[in-house]
Amino acid sequence: MGQGMTQIAMGLTTTGLECSAPPNRAEDAAPVTADAARNSVNDPSLQNLFQIIRWKGRFFAIPRVMLPVYLGDARFRQHKSVLSADTRELLVAKILACDPTRIFPVLLETRGKFRLFSHAGQFHAIPHDLTEGDILRKPVVEDAAILTSDDLGQLQAQLDVREAVSEIESRGELGGFRLYATAGQIYAVPPHLDADVDLFTHPEVLRSGDEQALIEQITRLQKVVDVEYAGWLPAFRAFGNCGSHPQFAHVDVPPEGYRFVRSDRPLIEFVQGKQWKKHLLLLSRGLRILATGTRLFADMLRRGMRLRSAIRFLQSRNIWSQLLLPTNRKLSILTSVPFTYSQSPWVVEIEDPTTLFYPFIHNGQTSRLNIQEAACFQGVKALLESPNCRGLITHIRGTADGIPKLFQSEIITKKTFHIPMGVQAPDQWQRHEPSKTFRLLFTNSWHQSAAGFYLRGGLDLLEAYALLKPSHPEMKLILRTKLPQNLPARYRRIIDTCDVEILDEFLPKDELDALMRSCHAYVLPSARIHIISILQAMSYGLVPVVSDGWGTEEYVAHRRNGLVVKGRYGKTSWQDPRCGMLREDYAPLYKSDPAIVQGLVDSLSALVEDPALRRTLGQAARHDVETRFSLASWNDGLKQAFDRALAAD
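When the count follows my numbering, it moves up by one through the sequence shown with no breaks and lands on 656 for the last residue.
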């Protein structure tokens with residue numbers, strides 16, 4: 008990050024950014040040791056470790072070692088080591104109350120040419136020319152020199168191997184892979200990586216102590232099809248950075264015969280230090296984009312789109328993203344929005360049809376929309392009917408059934424696949440053994456939007472809990488959410504007087520896992536389905552207590568694997584039977600609904616008073632994730648969709 012970023016961090020009046028003092032250079036800050044960090048809790052000197060910055064009316068505390076940062080990038084604002092508050096006083100209080108070991112990397116040891124740190128449940132090894140600030144920035148600015156592992160012993164062993172390496176022996180090529188041997192390990196470098204690739208850290212380099220096993224792995228990979236996971240493209244950041252959403256975590260475990268790859272870093276590595284390669288690569292991609300974009304533009308005009316609307320549609324695909332996207336993949340998968348000119352084969356994975364029309368149409372604003380008359384409609388239809396569009400994949404049956412009505416296109420209908428979503432079930436889960444407490448869990452969305460508290464039915468849950476708590480003191484409500492700033496005083500009083508626990512900070516994976524296993528019911532009276540939240544709760548054996556919002560009852564069946572509270576469908580979300588469009592109106596969620604509140608009271612009282620019922624429902628929920636909604640089942644369907652997509656060539 009260069010001088011320009013430092014200037015931004017120090018305060019440009021044109022952006023409204025103010026600093027309380029000039030930032031320290033990262034290399035001037037001493038590493039935080041475990042003892043020093045623990046001893047500084049509630050110590051005013053802890054403030055000296057942070058830089059307080061005001062940005063757009065909100066105050067942020069940035070670890071000084073992390074500077075410079077650019078708060079215009081949401082990834083910095085939401086960083087787990089960055090604290091924020093509405094006022095400087097509240098922020099200072101938050102600084103004094105924080106646990107520094109959760110904020111700063113803790114120095115563990117020096118090992119050869121590296122220093123080892125622990126941070127946020129992971130372990131990092133950095134060369135001596137880097138600082139712990141580089142660790143903090145890594146989720147935003149990738150640095151291949153930083154080694155990261157969930158296992159300290161594994162990372163230490165990796166460093167020991169590096170220290171033991173005296174020379175690297177070339178072993179020739181096999182199937183395009185370049186083979187090397189050192190310190191008892193054989194390494195295979197894929198043909199598209201440069202010769203100076205780091206054998207020890209690059210994720211695409213194969214490694215094994217058994218040469219024959221490595222040869223067999225290469226042979227298998229030659230039969231595997233690479234599918235570009237395009238969720239990393241800049242275009243998707245505007246749509247809630249959806250490419251990083253847990254809904255798409257399945258790419259970590261691809262279907263048989265396929266491998267998901269990302270070309271964000273390989274592109275940079277390919278052209279690093281070779282400007283002529285960069286220009287040649289971008290030129291070839293640009294020519295293809297020009298050709299396909301021109302065809303798409305002409306197609307939209309033939310379909311009756313106005314010139315201005317067609318131009319806006321092309322601009323909305325984000326030309327820079329299209330230049331970054333490889334054109335030599337057999338298939339790419341897009342996340343929720345068809346950000347493409349259809350320059351190469353692609354599929355798109357969606358939950359509802361509304362996201363197909365982003366950024367022109369947004370969720371929650373479709374209750375009275377005549378979608379077929381929207382300016383963007385023919386643009387989306389042209390994309391979906393293009394030969395390079397190979398599939399619409401959805402985990403909601405209602406979406407799959409509505410697509411034929413929505414587009415009135417046999418071509419698009421034949422490309423539509425319904426595959427029930429699947430998740431990985433954890434080894435340990437809630438068995439509903441006798442307990443003195445009955446713990447309810449409510450969670451906000453993945454990106455923790457304060458508005459999500461309302462849209463997920465937070466007000467109705469608080470009303471119901473306030474009614475039940477006096478007669479059921481064993482009930483305990485945990486809200487895993489940030490509270491809206493405009494939350495009415497009535498609900499703040501409920502939180503204060505009814506022993507509601509608020510968890511509004513980042514939780515490491517192990518703590519989140521323990522939280523899920525400790526709860527008995529997952530309560531989500533939301534406007535519509537939130538698929539990953541519900542399935543993850545079910546995978547832990549929690550009883551889902553959900554609304555009948557659109558899509559939810561495809562996964563939760565009343566009194567079979569959960570409890571369904573009626574009152575949302577047809578009011579906040581519903582499928583239009585005539586045109587197939589999802590209708591949504593989120594306005595009713597900003598005040599409590601007596602019918603939903605009563606339904607929650609009835610459902611939760613039944614669970615707290617009947618342990619056998621919650622055990623039966625919790626076990627059924629867990630069983631459904633192990634069978635109907637498993638990751639293996641999802642991958643079976645995804646493999647069929649990919650096979651058909653490639654068969655169209």
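Each residue gets a CB set at the ideal place from its N, CA and C atoms; glycine is no exception.
Contact under 9 Å by Cβ, residue i with residue j
i, j, result
"L494", "I509", "no"
"P345", "F246", "no"
"L607", "P491", "no"
"H402", "E358", "yes"
"Y593", "L462", "yes"
"Q437", "M523", "yes"
"S215", "Q192", "yes"
"R144", "R95", "no"
"G300", "Q329", "yes"
"P262", "F636", "no"
"G405", "A639", "no"
"R1", "P134", "Residue 1 is absent from the model: the chain starts at 8 and stops at 656."
"I539", "G558", "no"
"D511", "K483", "no"
"L6", "Y529", "The shown model of the chain, from 8 to 656, leaves out residue 6, and the question about it has no answer."
"A521", "G556", "no"
"L596", "T579", "yes"
"T423", "M588", "no"
"H126", "I102", "no"
"F207", "T342", "no"
Same chain, Cβ closer than 8 Å to residue i, neighbours up to 5 away in sequence not counted
i, result
"F384", "F364 and I378"
"L331", "L240, P241, S270, D271 and L274"
"P390", "It should be pointed out that residue 390 corresponds to Leu in this sequence rather than to Pro. Counting only Cβ-Cβ distances below 8 Å, and skipping sequence neighbours, we find L303, P345, T347, S349 and C396."
"A381", "F364, F367 and I368"
"G293", "L330"
"R266", "L228, V231, V232, D233 and V234"
Whole-number beta carbon distance between residue j and residue i, since they are thought to touch under 8 Å
i, j, result
"V355", "L399", "6 Å"
"L166", "R122", "10 Å between Cβ atoms; not a contact."
"G128", "K516", "6 Å"
"G577", "V550", "No, G577 and V550 are not in contact; Cβ-Cβ is about 25 Å, not under 8 Å."
"A458", "M545", "Going by Cβ atoms, the distance from A458 to M545 rounds to 25 Å, so no, they are not a contact pair."
"A317", "L308", "6 Å"
Host alpha helix (DSSP H) of residue i (start-end)
i, result
"T406", "R404 to F414"
"I501", "A496 to T504"
"L542", "I538 to S546"
"G247", "Unbroken run through G247: none, as it is neither H nor E."
"V608", "P601 to E616"
"Q322", "L314 to S323"
"D520", "K516 to S525"
"L462", "A458 to L462"
"A654", "L638 to A654"
Opposing strand residues paired with residue i [DSSP bridges]
i, result
"E5", "For residue 5 there is no data in the structure shown, the boundaries of the chain being 8 and 656."
"D233", "R266"
"A132", "L123 and L154"
"V571", "V553"
"T423", "L399"
"A92", "F66"
"D592", "Q372"
Contact set for residue i: own chain, Cβ-Cβ below 6 Å, skip 5 residues either direction
i, result
"D50", "Confidence at D50 is low in this model, with a pLDDT of 48, below 50, so its placement is unreliable and no value can be given for it."
"P352", "L338, N395 and R397"
"P411", "T420"
"H565", "V571"
"R590", "T373, S374, W581 and D583"
"G464", "P532 and S533"
"T312", "Looking at the sequence shown, residue 312 is not Thr but Met. If we look at M312 and ignore the five residues flanking it on each side, its Cβ neighbours are Q385."
"L289", "L330"
"G660", "Residue 660 lies beyond the residue range present for the chain, which begins at 8 and ends at 656; the question has no answer from this structure."
Boundaries (first-last residue) of the beta strand (DSSP E) holding residue i
i, result
"A127", "Careful: A127 lies outside any beta strand (DSSP E) and carries neither H nor E."
"P477", "Element bounds for P477: n/a, residue is neither H nor E."
"I485", "M482 to R487"
"Q582", "S580 to Q582"
"T189", "F184 to T189"
"G577", "Unbroken run through G577: none, as it is neither H nor E."
"G179", "E176 to L181"
"S215", "L213 to S215"
"V563", "Unbroken run through V563: none, as it is neither H nor E."
Heavy atom of the ligand GDP within 8 Å of residue i beta-carbon
i, result
"Q219", "This structure lacks the ligand GDP, and indeed carries no ligand of any kind."
Residues of its chain near residue i, where Cβ-Cβ distance is below 7 Å and the 5 sequence neighbours each way are ignored
i, result
"T334", "R292, R295, Q350 and S351"
"Q435", "R524"
"Y498", "L466 and L469"
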